[in-house]
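Trainee: I have a structure here, written as structure tokens, and I will follow up with some questions on it.
2 protein chains.
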Amino acid sequence: MELVRRTIERYVKLSDVEWSEVAQYWTRAYFPKGDFVSKVGRVETRAYIVEEGVQRMYYEHDGNEHCLGFAYGHSWSGDYDSFLGQRPGRFQVQAVTDSVLLGIERTDLLRLYDRIPAMDRWGRLIVEELIQGRATREIEQLTLGAEERYRRLVDRSPHLLQLVSQKDIASYLRMTPETFSRLRAKVR
Amino acid sequence: MELVRRTIERYVKLSDVEWSEVAQYWTRAYFPKGDFVSKVGRVETRAYIVEEGVQRMYYEHDGNEHCLGFAYGHSWSGDYDSFLGQRPGRFQVQAVTDSVLLGIERTDLLRLYDRIPAMDRWGRLIVEELIQGRATREIEQLTLGAEERYRRLVDRSPHLLQLVSQKDIASYLRMTPETFSRLRAKVR
DNA sequence: CCGGGCACTTGATCTGTATCAAGAACGTCT
DNA sequence: AGACGTTCTTGATACAGATCAAGTGCCCGG
């Protein structure tokens, strides 16, 4: 659970006493490749930090999968939309590689928010960061053509190409696998 | 400023003492139609609540304007991206009609976050709500064709059609004014 | 270690929406 | 009130990327 403390303390400082209260609620969960972290229709009651592995979040429509993002490194994972709104999930979150996540129940998190103001602040800062990331993505979707979107991914997140199938990345970039494959051949 | 209190208290409760501290920092600002609330390149130091009027937020690229959203009712206004990240703004926010906004300086807001835990929580809840709204928009952009996007707008926000030019709405719906006009003629 | 099914590639064709163009109606500034 | 600029409409054409189709290779499970 040290990872949790480090992650939180990138935003706010916790005393040892506070941390010991926070720590008790986090648990480790294992998701083998292919397993679902969050499923459509189910209200997500847990928030996760990625300890190991990669997960993808996607929206299903007419049998098509539209990937909205990947979680890895020590970022957030799980369906934040369902978690924050406590409504039936609209997204699926699936382990793309064997994954280990550190999770906390929403009721426990709310209890911590009540008891430890720093945690409430942390919740705010995390979501603020999330929203800025989404704004960047929105700009890119809005203004870039398929080739430029591909180029940006290649030089900003080359590691993803190793870990995630081309069709999932294509979907994340809003293009078909065919288009992705052609760009791959074309661009250097 | 009563509006500010009502807006905040839709999320958290403030004592009269707390409110009197909060209240002093808010000021009223007038933006005649066409004026800019936030401008590209400038760091936004204020957050706003709309008292009157409509504003649009857009991204400029190659001389094209891509509208990301409108603010009205008693919602947020201003460039939240620049405000939250305190980086030079990527968006413009412009008054589409004569507008009256209630604003607060970031430094004052941070001071309130420090002094009044309920305000910190309010900040979190506001941003959580914002992100859920963006997720909904993202889903619609992802899965709906131009015609369906148009239909949804018409029956969810018909008032916008009265207040905002068709070209701005077209841009918000990610289509050209020509396509918008054709859909208008076609759909009922 | 074999076999079936994905993942990926490559080619041909299709299509929704953008782009270009031109005219009509509207609003607003002097 | 006149005139210009902007918004909206309508038509013709262009194009990026999707879709359809077929073939190759490779991974994983039995």
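If you read the protein sequences in the order shown, they are chains A and B. For what it's worth, my numbering labels the leading residue of the first sequence as 555, then goes sequentially. For what it's worth, my numbering labels the leading residue of the second sequence as 555, then goes sequentially. Even glycine gets a Cβ: it sits at the ideal position worked out from N, Cα and C. Here the structure is a predicted model, which is why all the values come from computation and not from measurement.
1. Terminal residues of the continuous beta strand (DSSP E) containing B/Val647?
2. Suppose contacts are defined by Cβ-Cβ distances below 7 Å. Is A/Gln609 in contact with A/Ala583 by that definition?
3. Using a Cβ distance threshold of 8 Å, determine whether the region 589-596 of chain A contacts the region 677-687 of chain A, with at least three qualifying pairs required.
4. Classify B/Arg742 as buried or exposed, calling it buried when 16 or more other Cβ atoms lie within 10 Å of its own Cβ.
5. Use the C-beta contact count for B/Asp766: other C-beta atoms within 10 angstroms, 16 or more gives buried, fewer gives exposed.
6. Quick test of the definition: if touching needs 3 or more C-beta pairs under 8 Å, does the region 637-657 of chain A touch the region 632-649 of chain B?
7. Output yes if chain B places a C-beta closer than 7 Å to the C-beta of A/His615; else output no.
8. Of all the CB atoms in chain A, is at least one closer than 7 Å to the CB of B/Arg688?
9. I want to verify the contact list: residues of chain A whose CB lies under 9 Å from the CB of B/Val597, in sequence order.
10. Would you list, in sequence order, the uninterrupted beta strand (DSSP E) runs of no fewer than 3 residues that lie entirely inside the region 588-632 of chain A?
11. Measuring from the CB of B/Ser636, is there a heavy atom of the ligand GTP at a distance below 6 Å?
12. What is the DSSP secondary structure of A/Arg667, reduced to helix, strand or coil?
13. Under 8 Å between beta-carbons, which chain B residues line up against A/Ile658? List them in chain order, please.
14. Does chain A have any CB closer than 7 Å to the CB of B/Gly607?
15. Per DSSP, B/Phe585 is paired with what?
16. Near B/Val718, which residues of its chain fall below 6 Å by C-beta distance, leaving aside the five closest residues on each side in sequence?
17. Alpha carbon to alpha carbon, what distance is there between A/Leu656 and A/Phe637?
18. Hey, would you say A/Gly632 sits closer than 7 Å to A/Ala601, going by beta carbons?
19. Quick check: what's the CA-CA separation for B/Met729 versus B/Ala700?
20. Check distances from the C-beta atoms of the region 678-709 of chain B to those of chain A and list, in chain order, the residues that come in under 7 Å.
21. If you follow the alpha helix (DSSP H) that A/Thr733 is part of, which residue opens it and which one closes it?
22. Among A/Gly639, A/Glu556, A/Ala577 and A/Leu664, which residue has its Cα nearest to the Cα of A/Val597?
23. Output, in sequence order along the chain, the residues in the region 626-649 of chain B whose CB is closer than 9 Å to any CB in chain A.
24. According to the Cβ coordinates, are A/Trp580 and A/Ile685 closer than 7 Å?
25. Determine the closest residue to A/Gly595 out of A/Asp635, A/Pro586 and A/Ile670, with distance taken between C-alpha atoms.
26. Between the C-alpha atoms of A/Asp709 and A/Ala689, what's the straight-line distance to the nearest angstrom?
27. Using a beta-carbon distance cut-off of less than 8 Å, what residues from the region 660-676 of chain A approach chain B?
28. A/Ser711: which of A/Tyr726, A/Arg669 and A/Pro642 sits nearest, CA to CA?
29. Let me confirm a value: A/Asp674 is counted as buried when at least 16 other C-beta atoms fall within 10 Å, else exposed. Which label applies?
30. Have a look at B/Glu575, B/Gln578 and B/Ser629 and flag the residue whose alpha-carbon is nearest the alpha-carbon of B/Tyr565.
31. For B/Ala739, count neighbouring C-beta atoms within 10 Å of its own C-beta (all shown protein chains included) and say buried if the count is 16 or more, exposed if not.
32. In the region 558-584 of chain B, which residues sit with their C-beta less than 8 Å from some C-beta in chain A, listed in chain order?
33. For a contact defined as C-beta to C-beta under 9 Å, what are the partners of B/Leu727 on chain A?
34. What is the C-beta distance between A/Thr697 and B/His713, in whole angstroms, given that I count them as a contact (C-beta under 8 Å)?
35. Near A/Pro586, which residues of its chain fall below 7 Å by C-beta distance, leaving aside the five closest residues on each side in sequence?
Mentor: In terms of the structure at hand:
1. Per DSSP, B/Val647 belongs to the beta strand (DSSP E) from Phe645 to Ala649.
2. No, these two residues do not count as a Cβ contact at 7 Å.
3. They do not touch, by the three-pair rule.
4. An exposed status is given to B/Arg742, since fewer than 16 other beta-carbon atoms sit within 10 Å of its beta-carbon.
5. In this structure chain B extends from 555 to 742, so residue 766 of chain B is not present and cannot be described.
6. By the Cβ criterion, the region 637-657 of chain A is not in contact with the region 632-649 of chain B, since fewer than three pairs of Cβ atoms, one from each stretch, lie closer than 8 Å.
7. Interface residue, yes.
8. At least one CB of chain A lies nearer than 7 Å to the CB of B/Arg688.
9. None at all; the shortest Cβ gap to chain A is about 13 Å.
10. For the region 588-632 of chain A, whole beta strand (DSSP E) runs of length 3 or above, ordered along the chain, are 590-592, 600-606, 609-615 and 618-625.
11. Absence of the ligand GTP from the depicted structure is noted, as is the absence of any ligand whatsoever, leaving it without description.
12. Before going further, note that residue 667 of chain A is Tyr rather than Arg in the sequence given. Helix at A/Tyr667.
13. Per Cβ cutoff of 8 Å: no residues; A/Ile658 is ~16 Å from chain B at best.
14. Interface flag for B/Gly607 against chain A is unset, since no Cβ pair is found closer than 7 Å.
15. Note: B/Phe585 sits in a beta bridge opposite B/Ser653.
16. Excluding residues within five positions, the ones whose Cβ falls inside 6 Å are Val650.
17. Roughly 15 Å separates the two Cα atoms.
18. Yes, they are a contact pair.
19. Each residue's CA atom was taken as its position, placing B/Met729 and B/Ala700 some 7 Å apart.
20. Contact annotation: in the region 678-709 of chain B, residues whose CB is within less than 7 Å of a CB in chain A are Arg678, Val681, Glu682, Leu684, Ile685, Gln686, Arg688, Ala689, Glu692, Ile693, Leu696 and Thr697.
21. In the DSSP annotation of this structure, the continuous segment of the alpha helix (DSSP H) that includes A/Thr733 starts and ends at Pro731 to Lys740.
22. Comparing alpha carbon positions, the residue from A/Gly639, A/Glu556, A/Ala577 and A/Leu664 closest to A/Val597 is A/Gly639.
23. For the region 626-649 of chain B, which is checked against every Cβ of chain A, the residues closer than 9 Å are Tyr634, Asp635, Leu638, Gly639, Arg641, Arg644 and Phe645.
24. No, these two residues do not count as a Cβ contact at 7 Å.
25. Here the closest residue by C-alpha is A/Asp635.
26. Using only the alpha carbons, I get a separation of about 19 Å.
27. Residues passing the 8 Å Cβ filter: Tyr667, Pro671, Asp674 and Arg675.
28. Taking A/Ser711 as reference, the option from A/Tyr726, A/Arg669 and A/Pro642 with the minimal CA-CA separation is A/Tyr726.
29. Sixteen is the threshold: when 16 or more other Cβ atoms of the shown chains lie within 10 Å of the Cβ of A/Asp674, as they do, the residue is buried.
30. In terms of CA proximity to B/Tyr565, B/Ser629 leads the group B/Glu575, B/Gln578 and B/Ser629.
31. It is exposed - the Cβ of B/Ala739 has fewer than 16 other Cβ atoms within 10 Å.
32. For the region 558-584 of chain B, there are no residues whose beta carbon sits under 8 Å from a beta carbon of chain A.
33. Under the 9 Å cutoff, chain A gives no residues; its nearest Cβ is about 12 Å from B/Leu727.
34. The distance from the Cβ of A/Thr697 to that of B/His713 is about 28 Å, inconsistent with a contact at the 8 Å cut-off.
35. Excluding positions up to five away in sequence, the list reads Ala649 and Asp652.
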